[in-house]
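So the structure is just underneath, and the comments pick up after that.
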Amino acid sequence: MAVRARRFELSAPDWIVELVRLKPAAISWLDVLRMAVSIPTPLAVFLALGAPSLGTFAGMGAMATALADRGGPLRFRLARQVGVGFAGAVGLYVGHLAVGTGWVAVLVVAAASLVSALLSVINAAASTAGLQLLVYVAIASGLPQPFAPWVIPALYLVGALWALLLSVLVSLVGGVRTPEREAVAAVYRSIADLLADTGTDRAVAARQAVTDAMNAGYDALLSVRSRSAGRNPTFRELAALLNAATPVTEAAVTIAHLGKPVPAEIPAGMRAVAEAISNDRPPPPMPESLRHPDTYRLRALRTGMNDVRELLKPEHEAVSTAPLLPPPMRERLIRWSDTILTGPATWLYAMRLVLCMSLAEALRGVLQLERSYWILLTVAIVLKPDFGSVFARGVQRAVGTLGGVLIGAALLAIAPNGAWLLPFIAVAAGVLPIVMGRNYGMFAIFLTPLASLLIDFSTHQGPSIVVTRLIDTATGCAVALVFGYLLWPETWRVHLGPQVADAVDELADYLRVAFGTDVGAARRQRRRTYRTMSDVRTAFQRKLAEPPPVSTNAAAWWPMIVELEYAVDATTAAAIKSRDAVRTGSGRPPSPDAVNLLVADVRDLAGALRERRSPDEIPSPADEALQPIASRVRTARRVAAGPEPADRSLGHV
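Take the sequence shown: its letter number 547 is residue 547 in full-length UniProt numbering, and every next letter is one higher.
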């Protein structure tokens, strides 16, 4: 009798896999070159002047400002970098004044922590600036220097200005193109290839290329979102363009299935759209053969291209009203104060950050660790709320720093002091843009030796500095994980329910206007719905990096998120088909009663998620045009109800 061997497969838990997973991220070689030049240059200049210790602070300014350039329109990049330069200089000045003041230094760090936490909720530039304010208060308060208080901030600003000028130069050389923008443009190029290959034996491969391009585009944008601090207008713009590619793709696939070649100007027009996206230019003219299409397929393609063209129009052209002027400064200040002063989540984070930073500052005074400002720096970065999971970042930073310590010790052991360190600093700096979006632990692996080389450039402490760095990092991670994570029960919960409920409400709003006569309102609401769903997916991905039960409870939301995404796509497809039927006189839109019934169904689902109850029994509309949407909504309601009475709602997780 044959005995069948049993094979045992061992696999790591999903949350551990998520901690070490390398996310796909495009590489900008111009950014690699920019980073490799930004940091070593001020060090070399001050070394030539015989003042390497002054060069260290200029190098800090260059490093912080160079890292703040995360791509996007030049004005947003400059806003982030100017904010980092100003906040870092203020932090260095305040921290320098707090040196040796005992418990006064604890109060200074606590005040800086509160300001940093409140700045984090305004926008991306303020969030990044708030972090740098806190980081450099910590650094300056732990680095006694025989200089006047203004000297170190001035040196920092010199390095920041140099990095800022390099960013402008790279922007002029490379234009507005970024890897993420190119990834979105590649989707439209692949659609153009599919249209060009229609009716040939290359059509099947072209269809697969569209799928691959869409996957790469979403991976690129999710990578940007996961590493972006605060709100990112560029991400929203590119996400809207990528989402708008879905109905265009559906129309192109329908045309390809027919197998009849299309006029050459149609794929050429699609390539022109891709170039407009790539270069952030206004949309090209609509191809002549799509101005008066004679088939449903071409009409659907024209509708999709119209949507894309609307997204590409400058804001003052896309809105058929008077030009939008920036709100008065008083109104902007009121909005900012409302954003800062309202919302329990903001103050909860502020309390956690103030507690942890104050405790870290007190520990620094008690333990008398060498250069223990790294403890505060670690706490500040690990607790950054819009950088992702506190647990994940704490573990990744600790493990990454351990790897970085080994690299840094090896480099400091073999590299002579002075100018011989500059090539190693350039290489370590150039690697940062490559690893930044892939995994925070890998980023820490290369950031640690860079920081060690930067400090050793003037202090000549040798390999012992990296051991100190490891002890400080482990202490900071422990403070952040224990006092900023484990002791706060709110951090153990998933908290996806309210976000998913918000997305369901956005879907209901979209349904309410999708079949109406105000096409502009429908398009705007669709963009808001897609944006909300994208944010939900990003939050879900971050929760998967938490240990159980957070990660396992978060995974329970995956079927719901998938069904909602399908429901949004189905609404878009049904609205396009309905508008086409009305234009051609071949049909009527769904009745208002049927639409209202489906909207009520979706609203009840949102209420059920918020109230942690099972959805009510509401009949689905009988209108055939709404059936694809109703089917997805029914599935989502079944997921929310749970398989058994004991598991009544996803709201419980």
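For every residue, glycine included, the Cβ atom is placed at its ideal position computed from N, Cα and C.
Asked                                                                                                                                                                                          : Found
Could you tell me the boundaries of the alpha helix (DSSP H) in which Gly497 lies?                                                                                                             : 496-514
Which term fits Asp604, buried or exposed, when burial requires 16 or more other beta carbons within 10 angstroms of its beta carbon?                                                          : buried
Between the Cα of Asp69 and those of Asp535, Cys477, Ala160, spot the shortest distance and give me the residue it belongs to.                                                                 : Ala160
Just the Cα atoms here: how many angstroms apart are Arg352 and Gly484?                                                                                                                        : 5 Å
What is the DSSP secondary structure of Arg469, reduced to helix, strand or coil?                                                                                                              : helix
Mark Asn215 as exposed unless 16 or more other C-beta atoms lie within 10 angstroms of its C-beta, in which case mark it buried.                                                               : exposed
Tell me where the alpha helix (DSSP H) around Pro42 begins and ends.                                                                                                                           : 40-48
Can the beta-carbon of Ser120 be found less than 8 Å from the beta-carbon of Ser113?                                                                                                           : no
Quick one: Cα of Arg291 to Cα of Val204, how far?                                                                                                                                              : 28 Å
Name the residue from Trp150, Gly607, Leu118, Phe46 whose alpha carbon lies nearest to the alpha carbon of Gly95.                                                                              : Trp150
Quick check on Glu611: buried or exposed, where buried means 16 or more other Cβ atoms within 10 Å of its Cβ?                                                                                  : exposed
DSSP three-state label for Val633, please.                                                                                                                                                     : helix
Assuming Asn417 is part of the alpha helix (DSSP H), what are its boundary residues?                                                                                                           : Counting along the chain, Asn417 falls outside any alpha helix (DSSP H), and DSSP gives it neither H nor E.
For Arg299 and Ala581, I'd like the C-alpha separation in whole angstroms.                                                                                                                     : 10 Å
Is it true that the CB of Leu626 sits closer than 8 Å to the CB of Val504?                                                                                                                     : no
Per DSSP, what kind of secondary structure is Trp347 in: helix, strand or coil?                                                                                                                : helix
Could you round the C-beta distance between Leu241 and Val184 to whole angstroms and report it? I think they count as a contact, below 8 Å.                                                    : 5 Å
Which residue from Ala111, Phe147, Ile255, Pro146 puts its Cα closest to that of Gly130?                                                                                                       : Ala111
If distances are taken between C-alpha atoms only, which option among Leu169, Ala640, Gly199, Ser358 comes closest to Ala563?                                                                  : Correcting the residue type first, residue 563 is Glu in the shown sequence and not Ala. Cα-wise, what sits closest to Glu563 is Ala640.
Roughly how far, in whole angstroms, is the beta-carbon of Pro285 from the beta-carbon of Gly199, given that I think they are within contact range, below 8 Å?                                 : Incorrect: roughly 25 Å between the Cβ atoms, too far for contact.
Decide if Glu624 is buried, meaning its Cβ has at least 16 other Cβ atoms within 10 Å, or exposed.                                                                                             : exposed
Starting from the C-beta of Ser256, find all residues in its chain whose C-beta is less than 8 Å away, skip the five residues before and the five after it, and write them out in chain order. : In the sequence under discussion, the amino acid at residue 256 is Ala, which differs from the Ser named in the question. Within the same chain, Ala256 has close Cβ partners Leu194, Leu195, Asp197, Thr198, Ala203, Ala206, Arg207.
So for Lys577, helix, strand or coil by DSSP?                                                                                                                                                  : helix
In terms of residue numbering, what span does the alpha helix (DSSP H) encompassing Thr56 cover?                                                                                               : 52-67
Entirely within the stretch 94-174 and at least 3 residues each: give me those beta strand (DSSP E) ranges in chain order.                                                                     : none
Using 8 Å as the Cβ pair cut-off and three pairs as the minimum, do the stretch 248-255 and the stretch 299-314 touch?                                                                         : yes
Return helix, strand or coil for Ser28, following the three-state DSSP convention.                                                                                                             : coil
Three-state secondary structure (DSSP) at Thr572?                                                                                                                                              : helix
Verify whether the separation of the beta carbon atoms of Ala239 and Ser534 is less than 8 Å.                                                                                                  : yes
Once the 5 residues before and after Ser278 are set aside, which same chain residues still bring their CB inside 8 Å of it?                                                                    : Arg177, Arg181, Glu182, Ala185
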